[in-house]
Every structure is written in C-alpha cells, then in structure tokens.
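Numbering (the working numbering), first residue to last: 446 to 569.
We put the CB at the ideal spot given by N, CA and C, even for glycine.
Worksheet: the structure to be examined is printed underneath.
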C-alpha cells in the first residue's frame, strides 16, 4: 500500500467512462472529483451518484475536475446543476476546473457558467 500523508484519504472508482477521486486534507474538508471520458445520458446517473457521494460529508469545498472529459451533453450537465444546488444548500463551495474550451462551451450554452457565478471561458 502506498504511503499517504496523515489526513489524506484517496478513493477511486472506475466506471465505463468515469474516475472519481476524493482527497481530505487536515481539518478543512476539500474534495476533488475527477471525471473523464464522455458525460452523457448513459453516464449521467452515475455522475450524479458520485457527486452526491462527494457532497454527503458536507465538505467545505468541492472541485469537479473536467480536464479529462472529452464530451459533455446537455443530459450530462444535469447532475452538475443538481450537485451545485445541493452544494449551495449545504454551504459547500463548488468549482468546475480544467474544462476544455469544447466542454466549457457546452456548459456555457446551458448557463452552467452563470450558475457557478463565473461566466468565463476555459473553466479554470
């Protein structure tokens, strides 16, 4: 088993097109969820479950890393909106990071960038 610093927990689960990673650091609960592949109608339900799982402990911050997402459809964005709503209700600061221009354009088309409160390109 690899050495992990105190307070560092990593959990990864691979699905057909998804990778989830958690990291907790010290007393501040920071989680990073890393997704990859295609986020669409086929994978949206699983993405929703993974984001719900990440938010369950009420982290102070949640980063959703889309740097390895090749495509995201409108159906695939729905669980991001749902997670953002849940994050706000629980006081968690949620950010989307690493989105390619192509993925960020899809997020922009449905207003997700505005929902995040940062209408900008690039997603970082």
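Pairing residue 495 with residue 523 gives a Cβ-Cβ distance that is not under 9 Å.
In the DSSP assignment, no residue is bridged to residue 505. In the displayed model, residue 520 falls within a helix according to three-state DSSP. Contact between residue 505 and residue 482 does not hold, since the beta-carbon distance rounds to 28 Å and is not under 8 Å. For residue 539, the closest C-alpha among the options 557, 548, 546, 490 is that of 557.
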